[in-house]
Structure formats: structure tokens, C-alpha cells
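Residue numbers (the numbering used here): 5 to 80. Step one of this worksheet: look at the structure below.
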């Protein structure tokens, strides 16, 4: 069974959500036309990299993770 879905927006480094959570999808925008936008999702603030994605310069990248997504035990 799927549970509540929460959405947030980040424009700088830092925790997206503190605490145990699942990443089910991501939309990454790169408004700068000369540099790609990069998202690196760690398990907590200093943990292992669980997900990494890049949006081409001046574009948007959207990705839905299949099934139950990626579990982040210590926050994203």
C-alpha cells in the first residue's frame, strides 16, 4: 500500500527531508543555459550516495522510480 506523498523544493545544498523516507520521483531543473543541474541524494547529510541525476543545461529532468523507490534510512 502506498502512503502519503510529500513534495518539496530545494535550491541549495542541505537536507530535503530529515528522517526515514523513500524517494519515489524527482524533477530537476537547470535554468542556467551553460551548466547542467546536478542532484546527489545521500543517505543523511554525510552518508552514501543512493541516487544521482543530471539535467542538461537549460532543461528539466523528471524521473519516477519504480515500485517502492529508494529507502533513505537517515533522510535525503
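Idealized CB from N, CA, C, for every residue including glycine.
* Asked: Given that a residue counts as buried once 16 or more other Cβ atoms are within 10 Å of its Cβ, and exposed if not, what is residue 21?
  -> exposed
* For residue 69, the nearest candidate out of 17, 29, 59 (CA to CA) -> 29
* Those residues which DSSP pairs with residue 26 across a bridge -> 75
* Asked: Can you give the beta carbon distance from residue 53 to residue 42, rounded, assuming they're within the 8 Å contact cut?
  -> Contact flag wrong, Cβ pair sits at about 12 Å.
* Which one or two residues does DSSP pair with residue 32 in a beta bridge? -> 65
* **Residue span of the beta strand (DSSP E) that contains residue 58, given as start and end** => 53-59
* Asked: With 16 other CB atoms within 10 Å as the buried threshold, where does residue 11 fall?
  -> exposed
* First and last residue of the uninterrupted beta strand (DSSP E) at residue 44 -> 41-46
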